[in-house]
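Protein chains in written order, with the working numbering: chain U, -19 to 92; chain Z, -19 to 92.
2 protein chains.
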Amino acid sequence: MAAGFATLPLPPYYVVAFSSQRTTGDNGYGAMADAMLELALQQPGCLGAESARSPDGFGITNAYFADEAAILAWKNHARHLGAQKLGQERWYEHYELRIARVERAYSGPEGR
Amino acid sequence: MAAGFATLPLPPYYVVAFSSQRTTGDNGYGAMADAMLELALQQPGCLGAESARSPDGFGITNAYFADEAAILAWKNHARHLGAQKLGQERWYEHYELRIARVERAYSGPEGR
Chain U
-19 MAAGFATLPL
-9 PPYYVVAFSS
1 QRTTGDNGYG
11 AMADAMLELA
21 LQQPGCLGAE
31 SARSPDGFGI
41 TNAYFADEAA
51 ILAWKNHARH
61 LGAQKLGQER
71 WYEHYELRIA
81 RVERAYSGPE
91 GR
Chain Z
-19 MAAGFATLPL
-9 PPYYVVAFSS
1 QRTTGDNGYG
11 AMADAMLELA
21 LQQPGCLGAE
31 SARSPDGFGI
41 TNAYFADEAA
51 ILAWKNHARH
61 LGAQKLGQER
71 WYEHYELRIA
81 RVERAYSGPE
91 GR
């Protein structure tokens, strides 16, 4: 399995699906994104995260949490609040965030 | 709003979160991915989809459906079954698929 995949427990758990269009230029984004991922993964109830960003700046991060309390705690983490503010001011042209309860999961391809 | 975003109704609805690591080389993948996206969006109950793939071949597609019946119908669509088989044989080194019920959604940044 490639390094990009999160290793998750059996459902149920939660996913925070964050789609974003980046503004032009790095402006400190890359370093902050790395730091926030590392910090998130240290939080109780954060199960893992997966990210992809196309060369046109459209990206998706799916972050996985054990429950709603863990999502709320991460949302309100002091360092994350600072990053969210910079995201709104500098880094994101637009974003959409959906919070969903994972009910089933599969992987593949089997048999190769 | 950039073109990459899906315009969705208010929750609840479902997301099929598909993370994948591509094999090397196109091998017909790009054309099939475009065709499957177009076909999916024509299905009743398919609300939209968002995709990103990093240059290293790791990608996420979040596809949105009205309900479980719509997810199942798309899973079993004849042309999609053919594409899934090629995906397993040729295009994906590995994939993870999670099916989740979206409970809340937000967008931003507000006020810019």
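C-beta: ideal position from N, C-alpha, C; glycine also.
As the structure is a prediction and not an experimental result, all values here were calculated from the model.
Is any beta-carbon of chain U found at less than 8 Å from that of residue i?
i: Phe45 of chain Z; result: no
i: Ala(-18) of chain Z; result: With a pLDDT of only 49 at Ala(-18) of chain Z, under the threshold of 50, the placement of this residue in the model should not be trusted; the figure read from the coordinates follows. Yes, Ala(-18) of chain Z lies at the interface with chain U (some Cβ there is under 8 Å from its Cβ).
i: Ala63 of chain Z; result: no
i: Tyr9 of chain Z; result: no
i: Ala29 of chain Z; result: no
i: Arg81 of chain Z; result: yes
i: Gly25 of chain Z; result: no
i: Leu19 of chain Z; result: no
i: Gln22 of chain Z; result: no
i: Pro89 of chain Z; result: yes
Give me the Cβ distance between residue i and residue j, rounded to the nearest whole Å; I'm assuming they're in contact under 8 Å.
i: Ile51 of chain Z; j: Ser(-1) of chain Z; result: That pair is no contact at about 17 Å.
i: Glu83 of chain U; j: Pro(-9) of chain U; result: 6 Å
i: Glu69 of chain U; j: Phe(-15) of chain Z; result: Incorrect: roughly 20 Å between the Cβ atoms, too far for contact.
i: Ala63 of chain Z; j: Met12 of chain Z; result: 5 Å
i: Ala80 of chain U; j: Arg81 of chain Z; result: 6 Å
i: Pro35 of chain Z; j: Pro89 of chain U; result: So it is not a contact: roughly 23 Å between Cβ atoms.
Locate the beta strand (DSSP E) running through residue i, then write down its first and last residues.
i: Gly1 of chain U; result: As written in the sequence, residue 1 of chain U is Gln, which differs from the Gly given in the question. Note, Gln1 of chain U: beta strand (DSSP E), -7 to 2.
i: Arg59 of chain Z; result: Per DSSP, Arg59 of chain Z belongs to no beta strand (DSSP E); it is in the alpha helix (DSSP H), 58 to 66.
i: Leu77 of chain Z; result: 72 to 88
i: Ala43 of chain U; result: 38 to 45
For a cutoff of 8 Å on Cβ pairs, would you count residue i as touching chain Z?
i: Pro35 of chain U; result: yes
i: Arg84 of chain U; result: yes
i: Gly5 of chain U; result: no
i: His74 of chain U; result: yes
i: Ala(-3) of chain U; result: yes
i: Arg106 of chain U; result: Given a span of -19 to 92 for chain U in the structure shown, any question on residue 106 of chain U remains unanswerable.
i: Ala49 of chain U; result: no
i: Asn56 of chain U; result: no
i: Ala32 of chain U; result: yes
Suppose contacts are defined by Cβ-Cβ distances below 8 Å. Is residue i in contact with residue j by that definition?
i: Ala32 of chain Z; j: Ala43 of chain Z; result: no
i: Arg78 of chain U; j: Val(-4) of chain Z; result: no
i: Leu21 of chain U; j: Ala46 of chain U; result: no
i: Gln1 of chain Z; j: Glu48 of chain Z; result: no
i: Leu(-12) of chain U; j: Ala85 of chain U; result: yes
i: Tyr9 of chain U; j: Trp71 of chain U; result: yes
What residue range is occupied by the uninterrupted alpha helix (DSSP H) comprising residue i?
i: Ala53 of chain Z; result: 48 to 55
Q. Considering only residues of the stretch 9 to 35 of chain Z, which uninterrupted alpha helix (DSSP H) runs meet the minimum length of 4 residues and lie entirely inside it, listed in chain order?
A. Look at the stretch 9 to 35 of chain Z and you find these whole runs of alpha helix (DSSP H), each 4 residues long or longer: 9 to 21.
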